[in-house]
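Chains as they are written, first to last, in our numbering: chain A, 46 to 381; chain B, 46 to 381; chain C, 46 to 381.
The beta carbon of each residue, even a glycine, is placed where N, CA and C say it ideally should be.
A quick note: this is a predicted structure, and the numbers were derived from the prediction, not measured.
Working notes, beginning with the structure itself.
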């Protein structure tokens, strides 16, 4: 469920209205006056939540889900369990996005026009907030943490102890651990990049998750870390980012990963402990990188990488194959 | 003509003085006391403007141009129409840059040292300007638009209705449509990257254009969009940018383009409607991408891409050729 | 020696205590009560400084060094001159980092919580500091320089004459020349990316150097330039950076280099005068690029490039070989 510290939900929606606003067809045996209170993934959903199935791969999760209602396409619905309200619709992801928009019509942080440091922010007595910094409502700043000039910290954000949040940083919709160093110009917690296709062009899927930054993380200047769509983007304990690194929504990084400058990890990747990511590396969405893997600079990773494997190239392959390929190309040129 | 909302022009310059300051030779039949009031492209120029021809390809445009004067090299001048004042010079682009510098000696936005929100800014009563934001002289903020903390909006900038301009953003020399979402740390409207070669090193060409951002655009965190050199950089209706995207000066994007994180489009590219640009893609300058084209992640595009074509690789080729190449390389390694 | 304008050193440390805190073994003939006042490179060290040797390659520098003490591993120590205090340790770089941390426990800039422009900052009467800008203690701003809104200038920073520091920029631990243009969102002088491996994960090496930006430099929006670890990162006179460029610690750029958008130069590279670096180029650490070299867009440079050489590709090779390779691949596909 979206964290109420960051997101303001509107009242429940009756299933009949939900069907009408999304163009879905409600099975006739379902009571249309039943209400839905929230959106959730199949895994997290309760009987008060609506979820969605966009792909055959999620049918197992649907069978195990406690969701009260579910958007699903007709071809998949025939294979789905009958135990819950199904909302038949052509594009379940689009319908879910519309439901989320109805329940959370305004996900932008709310800022004061006059007060730099909210009266109800909890700031440790020995924390320091530099001139020009803005701290939103109910945010918490831990002991000995230093907030730099012109930093903006959103409502509900928590920053732990002994952190350094450098100048001109923006933190929203995130929880930051202790001993975290955030360099100037970093952006954490803004919307992830999620759209569905519509005749009028790409339409926004509300981004209702958070970013969790664990202890001892260091994040380089002008990096960007998007929050989860639903659920969280997670930066594991002790990760170190160089400058201008991009982390997409719902990425989960293990402990002690090293990300060199200008690398980018696309949405929903899972990265194990101690992974080394070279400069300007790109990793495609939904890829899993095993613990201890190393990805050479400038590689483009398009599929899973095994634990402790070293890969290089575009598309990335084992580093041995990469260098064999380079050698073969060299011979090819000589032959002419 | 440079937009007077953003640029402050000094008085007119006599042709003789223009020739002297640029090392140009004025044809003897031309009256050196005639004045030039402004700089312009060949297409936009009036009889009060000076323009330039740096390449044979522009001779047709020169023939059709209304320009009052024109910097041109001796070899091209012999092929040019005689109907207007020609200023013979070795490097017409450098001479034009010098003329532009003389007419616009100071293109940096003018900021108050004391007033955060200019008294003559027009801010809709239901717009909200968060604490720490700066709004320059004569800027306009539309109805229901929300400006985040520590945002800087330059003199003359217009932001439409229902926009969200997130924290720590900088907007100068630009016009923003309605329902535009700008994420934290975005920079729109700063100088493009334009220089001419001189014995003392690269010299700056004044950047006198704007950025036009159409309705329903979303721009990810820490993106950069440079303004046009002359004329405009244009972001079409409904375009969506992920984080850390770079747009060079005078790029024109159609409607509904999707640009994934860390992609970059070099100056003067033209991109059709509905183009998909993958993460970390680079597109060289002056390239045209047809409507509906798709560019796979990490590609380096060095020439035009046809409408609906899908390309991949470095240099980018048709995706079919890319994968055939990868397969051929695989066989090559096996052969040894 | 770290610049006292930026770094606050704690009192001297006795050799015995230094050995204890780093797990080093002090040669029995050395007086453990002798003190060390500072950390330094072998080249810069005086008899009051501790330095380190992490690699056989530094033994010559050690022989010539004036350092008062030196962390070194046992296998290298046997080849080292006996004239100075050696601290035997498994990982000399880690030990040095611990010594640096003890001498400089707090390298973060110190900010006022209430005063935007420090009373002891020296600001030229005709400089202008826009609303919302923060200027730290003892910073100096030169004649006619314009500081934009919400800029943050750290303690001790010097900005020369006729500079334009655009909105939302952060400058710390740096010295900026004259006629320098810094576009919005640039970050100069934050910590470089330096760690040593420890059982508990990567540990920070204190970054105690500076950034020197020479005259006539232009730095594009949202670029990042890290300060040196020890010693300086140097941007030579007349260099021009496009947007989103990354410069690692201790990079030294010559005069008049052109760096196109999203390129990145890793730590300790040396780049000669007039080098052209294309968009999205990456250069590996410790590489030397000769004067006048050209690096085509998107190249990945993994070894030295000779003066005036043009390279392209990943890994980068001579541009002639690159295109021969592309042609050979084309033939290969046709053959099938």
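*From the DSSP output, which residues share a beta bridge with residue 240 (chain A)?*
Per DSSP, A:249.
*For the 8 angstroms Cβ check, are there 3 or more pairs between the segment 192-202 of chain C and the segment 238-248 of chain C?*
Short answer: they don't touch.
*For residue 51 (chain A), which of helix, strand or coil comes out of DSSP?*
Residue 51 (chain A) falls in the coil class under three-state DSSP.
*asked:* Determine, for residue 232 (chain B), whether the minimum Cβ-Cβ distance to residues of chain A falls below 8 angstroms.
replied: Taking a beta-carbon distance threshold of 8 angstroms, residue 232 (chain B) does not count as an interface residue toward chain A.
*asked:* Under DSSP, the beta strand (DSSP E) around residue 255 (chain C) begins and ends at which residues?
replied: Under the DSSP assignment, residue 255 (chain C) falls in the beta strand (DSSP E) whose first and last residues are 255-258.
*Residue range of the beta strand (DSSP E) that residue 144 (chain B) falls in?*
First-last for residue 144 (chain B): 137-148, but that is the alpha helix (DSSP H), not the beta strand (DSSP E).
_Inter-residue spacing [alpha-carbon to alpha-carbon] between residue 249 (chain A) and residue 63 (chain B)_ = Just so you know, the alpha carbons of residue 249 (chain A) and residue 63 (chain B) end up roughly 52 angstroms apart.
*When you compare each of C:155, C:129, C:94 and C:137 to residue 118 (chain C) by their alpha carbons, which one comes out closest?*
Comparing Cα positions, the closest option is C:137.
*Residues in its own chain within less than 7 angstroms of residue 177 (chain B) by CB, not counting five upstream and five downstream?*
Close CB contacts of residue 177 (chain B) within its chain, under the 7 angstroms cut and outside five residues either way in sequence, are with 194 and 195 (chain order).
*Excluding the five sequence neighbours on either side, which residues of its own chain have a C-beta within less than 8 angstroms of the C-beta of residue 69 (chain C), listed in chain order?*
So the list reads 63, 116, 132, 133, 134 and 140, once near-sequence residues are dropped.
*C-beta neighbour in chain B for residue 287 (chain C), strict 8 angstroms*: It does; some Cβ of chain B falls within 8 angstroms.
*Tell me which same chain residues have a C-beta within less than 8 angstroms of the C-beta of residue 144 (chain A), skipping the five on either side of it?*
Excluding residues within five positions, the ones whose Cβ falls inside 8 angstroms are 58, 63, 66, 67, 81, 84, 95 and 116.
_Coarse secondary structure for residue 377 (chain A), derived from DSSP in three states_ = Here residue 377 (chain A) carries a helix assignment [DSSP, helix/strand/coil].
*So which residues on chain B does residue 191 (chain C) lean against when the C-beta distance must stay under 8 angstroms?*
Simply 153 and 156.
*Residues from the segment 181-214 of chain B in contact with chain A, defined by Cβ distance under 8 angstroms*: Cβ proximity to chain A below 8 angstroms picks out 191, 193, 194, 195, 209, 211, 212 and 213 from the segment 181-214 of chain B.
*Does the pairing of the segment 167-174 of chain A with the segment 274-286 of chain A give three or more beta-carbon distances under 8 angstroms?*
Contact fails: fewer than three Cβ-Cβ distances are below 8 angstroms.
*Quick one: what does DSSP say residue 101 (chain A) is sitting in, helix, strand or coil?*
Three-state DSSP puts residue 101 (chain A) in a helix.
*residue 379 (chain A) versus residue 373 (chain C) - alpha carbon distance*: Between the C-alpha atoms of residue 379 (chain A) and residue 373 (chain C) there is a straight-line separation of about 10 angstroms.
*In chain order, what residues of the same chain lie with their CB nearer than 6 angstroms to the CB of residue 321 (chain A), ignoring the 5 residues before and after it?*
Contacts found: 303 and 339.
*Starting from residue 241 (chain B), find everything on chain C with Cβ-Cβ shorter than 9 angstroms and list it in chain order.*
Correct list: empty, because the minimum Cβ distance to chain C is about 11 angstroms.
*If you run the structure through DSSP and keep just helix, strand and coil, what is residue 370 (chain A)?*
Residue 370 (chain A): helix per DSSP, three-state reduction.
*Does residue 146 (chain C) get closer than 8 angstroms to chain A when you measure Cβ to Cβ?*
Cβ-Cβ to chain A under 8 angstroms: no for residue 146 (chain C).
*Could you tell me which chain C residues have their CB closer than 7 angstroms to the CB of residue 229 (chain A), listed as they occur along the chain?*
Close partners of residue 229 (chain A) in chain C (Cβ separation under 7 angstroms): 215, 232 and 235.
*Can you grab the Cα-Cα spacing for the pair residue 53 (chain C) / residue 151 (chain C), in whole Å?*
About 7 angstroms.
*So, does the CB of residue 263 (chain B) fall closer than 8 angstroms to a CB anywhere in chain C?*
By this cut-off, residue 263 (chain B) is not an interface position.
*Taking the DSSP output, what are the residues bridged to residue 357 (chain C)?*
DSSP output for residue 357 (chain C) lists C:362 as bridge partner(s).
*DSSP three-state call for residue 83 (chain B): helix, strand or coil?*
Residue 83 (chain B): strand per DSSP, three-state reduction.
*Residue range of the beta strand (DSSP E) that includes residue 277 (chain A)*: Under the DSSP assignment, residue 277 (chain A) falls in the beta strand (DSSP E) whose first and last residues are 277-280.
_Can you list, in chain order, the residues of its chain with a C-beta nearer than 7 angstroms to that of residue 360 (chain A)? Leave out the 5 residues immediately preceding and following it._
Only 345 and 347 meet the Cβ criterion.
*Beta-carbon contacts of residue 367 (chain A) that lie in its chain and below 6 angstroms, excluding the five residues immediately before and after*: So the qualifying residues of the chain are 357 and 358.
*Give the residues from the segment 297-317 of chain A that approach chain B closer than 8 angstroms (Cβ to any Cβ), ordered along the chain.*
Listed in sequence order: 307, 309 and 311.
*Using a beta-carbon distance cut-off of less than 7 angstroms, what residues from the segment 168-180 of chain C approach chain B?*
Within the segment 168-180 of chain C, the residues whose Cβ lies closer than 7 angstroms to any Cβ of chain B are, in chain order, 173, 174, 175, 176 and 177.
*Whose CA, out of C:162, C:289, C:204 and C:296, lies closest to the CA of residue 308 (chain C)?*
Closest option to residue 308 (chain C), Cα to Cα, is C:289.
*asked:* Can you check which of these residues, C:216, C:190, C:293 and C:220, is closest to residue 209 (chain C) by C-alpha distance?
replied: Check the Cα spacing between residue 209 (chain C) and each of C:216, C:190, C:293 and C:220: the tightest is with C:190.
*With a 10 Å radius around its C-beta and 16 neighbouring C-beta atoms as the bar for buried, classify residue 269 (chain B) as buried or exposed.*
Its Cβ being crowded by 16 or more others within 10 Å, residue 269 (chain B) is buried.
*asked:* Comparing C-alpha positions only, which one of B:371, B:283, B:98 and B:129 sits nearest to residue 75 (chain B)?
replied: For the residues B:371, B:283, B:98 and B:129, the minimum Cα distance to residue 75 (chain B) belongs to B:129.
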